[in-house]
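A.B. asks: Pasting a structure here, questions to come.
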Amino acid sequence: MQQFIEICRDHELKITPQRVAIYQALIQANQHPTADMMFRLVKEDFPHIAFDTVNRTLLTFADIGVVDVVEVFGGPKRFDPNIDGHHHLHCTACGKIIDFKNDRCTDLEVPASITEMFKVISKRVVLKGLCADCAIEQ
Ligand SMILES: [Zn+2]
Ligand SMILES: [Zn+2]
């Protein structure tokens, strides 16, 4: 929360009760939710909030770097309140995205053939597969 407030202040983004509620719901959701999932969560406390407000707020958060947009191929954008370097496990059956930390993934050495033509800003390892629940059902 402290980090959220500081980043908002740095970007002169007003800290409104709605914005705080959206950010808190995102942390509590703990599942890299879509804007649509977030809208349903926030609506419980703010019954009159519009989808567009939630969506725009999330995009603003992403713009100023208070949340991350998760790399999803094809599907709707998903948001991640964890902006510390971490990696993802994508379950291809249920769509769950699980965070994991691993120093070797974080310290992954990028070959010169890539750094010569591409300036690397951040690195994230994404592993696709089946989560424990889905692996049982297979
Ligand atoms: Zn799964
Ligand atoms: Zn994550």
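Note that numbering that gives the first Met the number 0 has the sequence shown beginning at 0, numbered continuously upward.
Virtual Cβ for every residue (Gly too), placed ideally from N, Cα, C.
Kindly identify the DSSP beta-bridge partner or partners of T33.
C.D. replies: Taking the first residue of the sequence shown as position 1, residue 33 is located at position 34. DSSP output for T33 lists R77 as bridge partner(s).
A.B. asks: Under the assumption that A61 contacts L40 (Cβ atoms under 8 Å), give the Cβ distance between them as a whole number of angstroms.
C.D. replies: To locate residue 61, count along the sequence shown from 1; it is residue 62. To locate residue 40, count along the sequence shown from 1; it is residue 41. About 17 Å; that fails the 8 Å criterion.
A.B. asks: Measuring CB to CB, does F72 end up less than 8 Å from H86?
C.D. replies: Sequence index remark: in the sequence shown, residue 72 carries index 73 (1-based). Sequence index remark: in the sequence shown, residue 86 carries index 87 (1-based). No, the pair does not count as a contact, with Cβ atoms beyond the cut-off.
A.B. asks: Can you give the beta carbon distance from D51 to C93, rounded, assuming they're within the 8 Å contact cut?
C.D. replies: Position 52 of the sequence shown, counting from 1, holds the residue named residue 51. Position 94 of the sequence shown, counting from 1, holds the residue named residue 93. Their Cβ separation, rounded to whole angstroms, is 28 Å, which puts D51 and C93 out of contact at 8 Å.
A.B. asks: How many angstroms separate the CA atom of S112 from the CA atom of V19?
C.D. replies: Walking along the sequence shown from the start, residue 112 turns up at place 113. Walking along the sequence shown from the start, residue 19 turns up at place 20. Cα to Cα, S112 sits roughly 43 Å from V19.
A.B. asks: Determine the burial state of F117: buried for a count of at least 16 other Cβ atoms within 10 Å of its Cβ, exposed for fewer.
C.D. replies: Here residue 117 corresponds to residue number 118 of the sequence shown, with the count starting at 1. F117 is exposed by the Cβ-count criterion.
A.B. asks: Could you tell me if L57 is buried or exposed, where buried requires 16 or more neighbouring beta carbons within 10 angstroms of its beta carbon?
C.D. replies: In the sequence shown, the residue the question calls residue 57 occupies position 58. Buried: at least 16 other Cβ atoms inside 10 Å.
A.B. asks: What residue range is occupied by the uninterrupted alpha helix (DSSP H) comprising V19?
C.D. replies: By one-based count along the sequence shown, residue 19 stands at place 20. Here the alpha helix (DSSP H) through V19 covers 16-28.
A.B. asks: List the DSSP bridge partners of V41.
C.D. replies: Here residue 41 is taken as the residue at index 42 of the sequence shown, counted from 1. Beta-bridge pairing by DSSP links V41 to no other residue.
A.B. asks: For L88, name the three-state secondary structure that DSSP assigns.
C.D. replies: As a working note, residue 88 is residue 89 in the sequence shown. Strand.
A.B. asks: Thinking C-beta only, is D67 closer than 8 Å to I82?
C.D. replies: Looking up residue 82 in the sequence shown gives position 83. Looking up residue 67 in the sequence shown gives position 68. Against a cut-off of 8 Å, the Cβ pair of D67 and I82 comes out as a contact.
A.B. asks: Using three-state DSSP, classify H3 as helix, strand or coil.
C.D. replies: Position 4 of the sequence shown, counted from the start, is the residue given in the question as residue 3. Looking at the sequence provided, one finds Phe at residue 3 rather than His. DSSP places F3 in helix when its eight states are reduced to three.
A.B. asks: Give the secondary structure of D51 by DSSP, where H, G and I count as helix, E and B as strand, and everything else as coil.
C.D. replies: Here residue 51 refers to the residue found at position 52 when the sequence shown is read from its first residue. It is helical.
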